[in-house]
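Take the sequence shown: its position 164, counting from 1, is numbered 164 in UniProt numbering, and each next residue is one higher. Glycine is no exception: its CB is placed at the ideal position from the N, C-alpha and C atoms. In this text, all values refer to a predicted model and were calculated from it rather than measured experimentally.
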Amino acid sequence: MEKREATTVEIAETSRERKGKAPLLGAVDNAKAAGYKRGVAIFDLILRISAATATLAATITMGTTEQTLPFFTQFFQFQASYDDLPTFTFFVIAMSIVTGYLVLSVPFSVVSIARPLVAGPRLLLIVCDTLTVTLATSAAASSAAIVYLAHNGNSDANWLAICQQFNDFCQRISGAVVAAFVAVALLIFMVVLSALGLRKH
1 MEKREATTVE IAETSRERKG KAPLLGAVDN AKAAGYKRGV AIFDLILRIS AATATLAATI
61 TMGTTEQTLP FFTQFFQFQA SYDDLPTFTF FVIAMSIVTG YLVLSVPFSV VSIARPLVAG
121 PRLLLIVCDT LTVTLATSAA ASSAAIVYLA HNGNSDANWL AICQQFNDFC QRISGAVVAA
181 FVAVALLIFM VVLSALGLRK H
């Protein structure tokens, strides 16, 4: 009888130890997940600020691009401005929208850092970031086509390359398009990061 009682007590103690360890393991897993997601959110915030800087630079550069060729008379001048081409006007508007969105999305990214296990803000960001990637890519790609024509022209369509005359103008619009593509790359990386942050494990 004594041996049976001792066996019963050992089994009871073992089951209690297991019950005590299970919550501890769950807490450790939650802490690891929170740390991982917080790191992803911090990196997302850095990329978001960098992308906003790139789109702002592209917007300002393109929106202030203008060059007038010097001639002897004031009544006969050749002038090139970004608003002469609808594509560049669309570029400025689209990049302005993307810049505004990125600035407004910073608080949501901060919330993801403060509360890494909450999926709502991160889900909202990934949806809006995907739409923003589409807008920024369309603006950058269409403007890149016009920049290519400005540099090289098209002999079949009798479109002349204007960059030999409007050198400063072409340098500025080329810089704006490069900045826009940098922003697109950062936005794509942000979408990937948000998807990683939404993983449960």
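DSSP links S81 through a beta bridge to E66. With at least 16 other beta carbons inside 10 angstroms of its own, T55 counts as buried.
In this structure A180 does not touch A119 by the C-beta definition: roughly 31 Å separates them, more than the 8 Å allowed. Excluding its 5 nearest sequence neighbours in each direction, A94 has C-beta neighbours in its own chain below 6 Å: L135 and A139, listed in chain order. In the DSSP assignment, N154 forms a beta bridge with W159.
The distance from the Cβ of T137 to that of V184 is about 5 Å, consistent with a contact at the 8 Å cut-off.
A direct Cα-to-Cα measurement between T99 and A52 gives close to 5 Å. Spatial neighbours of L196 in its own chain (CB-CB distance under 7 Å, excluding positions within 5 residues in sequence) are listed in chain order as V40. The three-state reading of DSSP puts A41 in helix, counting H, G and I together.
The straight-line gap separating the alpha-carbon atoms of S142 and V92 is approximately 12 Å. In chain order, T65, Q67 and A80 place their CB closer than 7 Å to the CB of F169, counting only its own chain and leaving out the 5 sequence neighbours on each side.
Where R172 is concerned, the enclosing alpha helix (DSSP H) starts and stops at N167 to G197. The DSSP-derived three-state label of A144 is helix. Excluding its 5 nearest sequence neighbours in each direction, I188 has C-beta neighbours in its own chain below 7 Å: V133, listed in chain order. A check of alpha carbon separations from D129 across T59, F88, I113 and S194 identifies S194 as the nearest. In this structure I146 does not touch Y82 by the C-beta definition: roughly 10 Å separates them, more than the 8 Å allowed. Going by C-alpha positions, R122 is about 28 Å away from V178. For A176, the number of other beta carbons within 10 angstroms of its own is at least 16, and it is reported as buried. Straight-line measurement puts the Cα of S112 at about 7 Å from the Cα of R38. Sequence-distant Cβ neighbours of H151 in its own chain, meaning closer than 7 Å and more than five residues away, are A161, C163 and C170. When only Cα atoms are considered, G63 and L124 end up about 30 Å apart.
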